[in-house]
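Participant: I'd like to ask some things about the structure below.
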Amino acid sequence: MIDGRFASNLPAELLIDRASIARRIDELGAELAGLFADEEPPVLVGVLKGSAMFLADLIRAMDIDVAVDFMSISSYSQSGVVRIVKDLDEDVRGRDVVVVEDIVDTGLTLNYLRKTLSQREPDSLRAVTLLDKTARRIIPVPLEFSAFEIPDVFVVGYGLDFQGLYRNVADILAVRDLARLANDPRLMVAQLFGLKSG
Ligand code: 5GP
0 MIDGRFASNL PAELLIDRAS IARRIDELGA ELAGLFADEE PPVLVGVLKG SAMFLADLIR
60 AMDIDVAVDF MSISSYSQSG VVRIVKDLDE DVRGRDVVVV EDIVDTGLTL NYLRKTLSQR
120 EPDSLRAVTL LDKTARRIIP VPLEFSAFEI PDVFVVGYGL DFQGLYRNVA DILAVRDLAR
180 LANDPRLMVA QLFGLKSG
């Protein structure tokens, strides 16, 4: 059992286990597929890198034809300037576009993406996020679908990283002691990957 790993002195605890993630994504996939069943294939736009796992599982839960594209944007710095690091490969004019996010926190990133993509005149534009930290929103951005609403905690796993680590943890963990992890970013590596589950 994975829970056994969290009995130890880890600065994080289990927030959402892999089975719950899988169940919820199956529901969302069916909902999205129903929306586009009689339409041209929608374009699902993964926002790199955090949404990679979510996107991969979500599209396999959709029993319709879909197109996939990726964007990467630089994170917000103190200056508040955002820049596209990797743009879409395809033109989305006239297409049904679904932005696939890992987490919506302040809303600044999604707000920027929605503005940028709507200027390209898609037929429709929606957003789906794995995690929604509603309590932290500073900009009220439309968000059509969300898998889980979570409290104001820093999370890692299932695509979400801390300093490039922990993206491939299959569950979502809430970091209780961020200062301790910042002091030693690899702190949880041995315990999370050194033990066999089951
Ligand atoms: P926003 O622009 O909505 O404030 O934040 C979006 C980005 O901040 C996310 O795509 C993600 O990269 C990062 N982020 C926000 N909260 C968390 C968190 O709890 N854990 C991790 N790993 N990243 C987060």
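Using numbering that gives the first Met the number 0, you'd call the opening residue of the sequence shown number 0 and step up by one each time.
Every residue gets a Cβ at the ideal spot worked out from N, C-alpha and C, and that includes glycine.
1) Who pairs with A173 in a beta bridge, going by DSSP?
2) Could you tell me the alpha carbon to alpha carbon distance between P121 and R92, rounded to whole angstroms?
3) Out of A126, D160, S71, point me to the one whose CA is closest to L31's CA.
4) Assign V140 to one of three DSSP states: helix, strand, or coil.
5) Under 7 Å Cβ to Cβ from K85, same chain only, skipping five residues before and after it: list those, please.
6) Return yes when the C-beta of E100 is under 8 Å from any heavy atom of ligand 1, and no when it is not.
7) What is the residue span of the beta strand (DSSP E) that A126 lies within?
8) If you follow the alpha helix (DSSP H) that V188 is part of, which residue opens it and which one closes it?
9) Between V154 and L172, how many whole angstroms is the CB-CB distance? I'm expecting something under 8 Å.
10) My guess is that F58 and L43 are in contact by the Cβ rule of under 8 Å, so how many angstroms apart are they, rounded?
Facilitator: From the atom records:
1) Reading the sequence shown from its first residue, position 174 is the one you call residue 173. E12, V154.
2) For this step, residue 121 is matched to residue 122 along the sequence shown. For this step, residue 92 is matched to residue 93 along the sequence shown. About 4 Å.
3) Position 32 of the sequence shown holds residue 31. Residue A126 is the option with its Cα nearest to L31.
4) The count along the sequence shown starts at 1 and reaches residue 140 at position 141. Residue state, collapsed to three classes: coil.
5) Here residue 85 refers to the residue found at position 86 when the sequence shown is read from its first residue. If we look at K85 and ignore the five residues flanking it on each side, its Cβ neighbours are L47, F69, M70, S71.
6) The residue you call residue 100 lines up with position 101 of the sequence shown. E100: yes, Cβ under 8 Å from ligand 1.
7) By one-based count along the sequence shown, residue 126 stands at place 127. Note, A126: beta strand (DSSP E), 123-131.
8) One-based indexing of the sequence shown puts residue 188 at position 189. Segment 188-193, the alpha helix (DSSP H) holding V188.
9) Stepping through the sequence shown from its first residue, residue 154 is reached at position 155. Stepping through the sequence shown from its first residue, residue 172 is reached at position 173. Confirmed, Cβ separation roughly 6 Å.
10) One-based indexing of the sequence shown puts residue 58 at position 59. One-based indexing of the sequence shown puts residue 43 at position 44. Inspection of the sequence shows that residue 58 is occupied by Ile rather than by Phe. Right, their Cβ atoms sit about 6 Å apart.
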